[in-house]
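Residue numbers (my numbering), protein chains in the order written: chain H, 8 to 152; chain U, 17 to 426.
This report refers to the structure that appears directly beneath it.
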Ligand SMILES: Cc1ncc(COP(=O)(O)O)c(C=O)c1O
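This is the structure we're talking about:
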């Protein structure tokens with residue numbers, strides 16, 4: 008699935024809920040499916056510190072695609088973390104860099120990415136893009152070797 | 017006479033426009049009053065009238081508006097002075113808020129009293145506003161920053177306090193009521209003990225001033241700081257009360273217009289109290305709004321407010337106890353207007369987000385008091401805080417919402 012397709016899939020899933028409680032219940036469930044960061048990486052080096060909740064993020068690159076794993080101490084944050092991972096996981100750095108997170112707006116979760124929330128999510132998206140940039144540079148360098 | 021006044025909650029609520037709104041299609045239940053209180057219509061109107069009809073700069077004009085403005089501003093100072101029962105009106109300094117008042121002290125009183133090798137004493141339950149300015153002063157002056165610990169129930173460790181007094185700190189600065197725990201500190205006793213050594217005591221009254229009668233002469237504190245916006249007044253205004261002898265001895269904090277009497281190329285002589293500490297144009301509208309807020313509080317009756325809020329907190333404590341795995345953070349006998357709690361290992365942010373969608377405003381996180389979080393070994397709490405306009409029904413709604421959220425998050 009392309010990034011856009013996954014985003015559309017999530018929008019469809021959320022369109023079933025007209026109540027906030029159902030949405031949050033769904034996010035809580037989503038959080039349970041989050042590809043968990045290995046304990047060896049659950050350290051300050053991989054910590055994205057928000058004032059309200061904390062997020063740990065790790066990325067690996069197989070030369071083609073990036074895969075992410077993460078965790079959060081807050082379960083709703085973790086649900087949103089997993090949404091972001093579902094969207095960006097197993098894509099090339101180029102694909103990740105070319106996409107945005109506008110789908111969060113369509114499912115009413117945009118506010119969770121606002122800087123004033125300080126829950127670590129905005130920084131997490133930035134960090135994911137940063138990983139993509141770094142891996143893109145690496146692969147360009149390698150292709151020149 | 018005071019006590020016979022009826023506490024008419026519906027009438028009080030009707031005067032706060034912000035309370036009568038829906039958020040996410042639910043009636044707003046506002047329980048974040050320790051962060052800031054809502055404003056009654058008369059305070060809003062006072063600001064409006066100032067800007068519509070009276071706006072002028074004070075203490076400097078010959079013209080009508082300026083003179084009227086000056087009279088109103090100085091009358092507000094008198095009102096604050098009477099409210100706190102200060103000995104002199106010029107012991108009231110208008111500032112931007114508690115933070116500004118404490119920074120003024122850390123700078124000015126710090127210059128007067130604190131030198132290399134000296135010490136300043138605060139407690140481990142202070143808001144960052146009453147912690148960081150003193151800590152930074154101590155770093156700058158190579159002085160010792162002493163922090164008295166707190167006990168398991170969240171009270172200041174008085175025995176340790178007595179021991180620390182032996183180190184003869186030059187200044188002591190303590191919260192009257194903790195913004196995290198709601199604990200009322202035994203400041204009378206702490207002030208008395210400090211005065212045995214002639215140590216001046218600063219009281220951070222941000223969380224106490226609108227919940228109980230403050231009489232600075234009876235407390236005998238040397239300084240008392242608070243913010244208008246936490247007591248139904250506009251934002252951007254606060255007060256620093258200081259005993260005349262200290263304010264006279266202290267050097268000015270900021271320099272500029274208003275606070276000088278003679279300026280030549282070589283030197284400047286400073287204006288007398290209180291103007292010495294009020295450099296620049298003050299937030300006049302907000303000061304007048306503060307006066308109106310005080311009059312409003314007095315018309316309801318501060319004792320009546322205290323009684324009502326005491327009932328609210330007892331009721332909320334009882335109701336919250338029904339919740340499985342709930343624990344209170346700080347659980348002393350003397351508690352006012354604030355309750356902090358945790359449920360099992362539910363993250364406060366999760367719970368706060370869910371009940372927000374049910375229309376309920378509470379605060380989650382460390383409440384700008386990370387040192388106190390350290391004592392309890394936690395990252396944050398959920399905090400509810402009450403004001404005169406809160407009701408028992410609102411507490412029921414809140415507790416039901418917490419139960420619902422806790423079930424979801426289990
Ligand atoms: C105990 C205490 N001190 C100081 C402050 C700071 O007040 P302000 O932000 O109005 O300056 C607060 C506000 O949260 C407080 O609760």
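Note that the Cβ used here is the ideal one computed from N, Cα and C, for glycine as well.
For clarity, every value in this text was computed on a predicted model and none was experimentally measured.
Under DSSP, the alpha helix (DSSP H) around residue i begins and ends at which residues?
{"i": "residue 151/H", "result": "128-151"}
{"i": "residue 82/H", "result": "82-95"}
{"i": "residue 37/H", "result": "27-39"}
{"i": "residue 120/H", "result": "First-last for residue 120/H: undefined, no H or E at that position."}
{"i": "residue 63/U", "result": "57-65"}
{"i": "residue 389/U", "result": "386-392"}
{"i": "residue 88/U", "result": "80-100"}
{"i": "residue 100/H", "result": "100-104"}
If you reduce the DSSP assignment to three classes, tell me which class residue i lands in.
{"i": "residue 19/U", "result": "Because the pLDDT of residue 19/U is 49, which lies under 50, any placement of that residue in the model is unreliable, and the question is left without a value."}
{"i": "residue 278/U", "result": "strand"}
{"i": "residue 303/U", "result": "helix"}
{"i": "residue 417/U", "result": "helix"}
{"i": "residue 115/H", "result": "coil"}
{"i": "residue 130/U", "result": "coil"}
{"i": "residue 15/H", "result": "helix"}
{"i": "residue 46/U", "result": "strand"}
{"i": "residue 38/U", "result": "strand"}
{"i": "residue 59/H", "result": "coil"}
{"i": "residue 109/U", "result": "strand"}
{"i": "residue 351/U", "result": "strand"}
{"i": "residue 77/H", "result": "strand"}
{"i": "residue 160/U", "result": "strand"}
{"i": "residue 339/U", "result": "coil"}
{"i": "residue 332/U", "result": "helix"}
{"i": "residue 25/U", "result": "helix"}
{"i": "residue 117/U", "result": "helix"}
{"i": "residue 48/H", "result": "helix"}
{"i": "residue 6/U", "result": "Here chain U comprises residues numbered 17 to 426, so residue 6/U is not present and cannot be evaluated."}
{"i": "residue 313/U", "result": "helix"}
{"i": "residue 72/U", "result": "coil"}
{"i": "residue 9/U", "result": "Nothing in the structure corresponds to residue 9/U, since chain U is present only between 17 and 426."}
{"i": "residue 322/U", "result": "helix"}
{"i": "residue 289/U", "result": "coil"}
{"i": "residue 143/U", "result": "coil"}
{"i": "residue 155/U", "result": "helix"}
{"i": "residue 122/U", "result": "helix"}
{"i": "residue 422/U", "result": "helix"}
{"i": "residue 295/U", "result": "coil"}
{"i": "residue 53/H", "result": "helix"}
{"i": "residue 408/U", "result": "helix"}
{"i": "residue 265/U", "result": "helix"}
{"i": "residue 376/U", "result": "strand"}
Against residue i, what residues of chain A qualify as contacts under a CB-to-CB distance less than 8 Å, listed in chain order?
{"i": "residue 126/H", "result": "The structure shown contains no chain A; its protein chains are H and U."}
Residue range of the beta strand (DSSP E) that residue i falls in?
{"i": "residue 286/U", "result": "284-286"}
{"i": "residue 381/U", "result": "379-381"}
{"i": "residue 369/U", "result": "Here residue 369/U belongs to no beta strand (DSSP E); instead the alpha helix (DSSP H) covers 364-372."}
{"i": "residue 137/U", "result": "135-139"}
3-residue-minimum beta strand (DSSP E) runs that sit fully inside the stretch 173-259 of chain U, ordered along the chain: Fully enclosed beta strand (DSSP E) runs of 3 or longer: 187-191, 217-220, 239-243, 254-258.
Residues passing the C-beta test against ligand 2 heavy atoms, cut-off 5 Å: Ligand 2 is absent from the structure shown, which contains only ligand 1.
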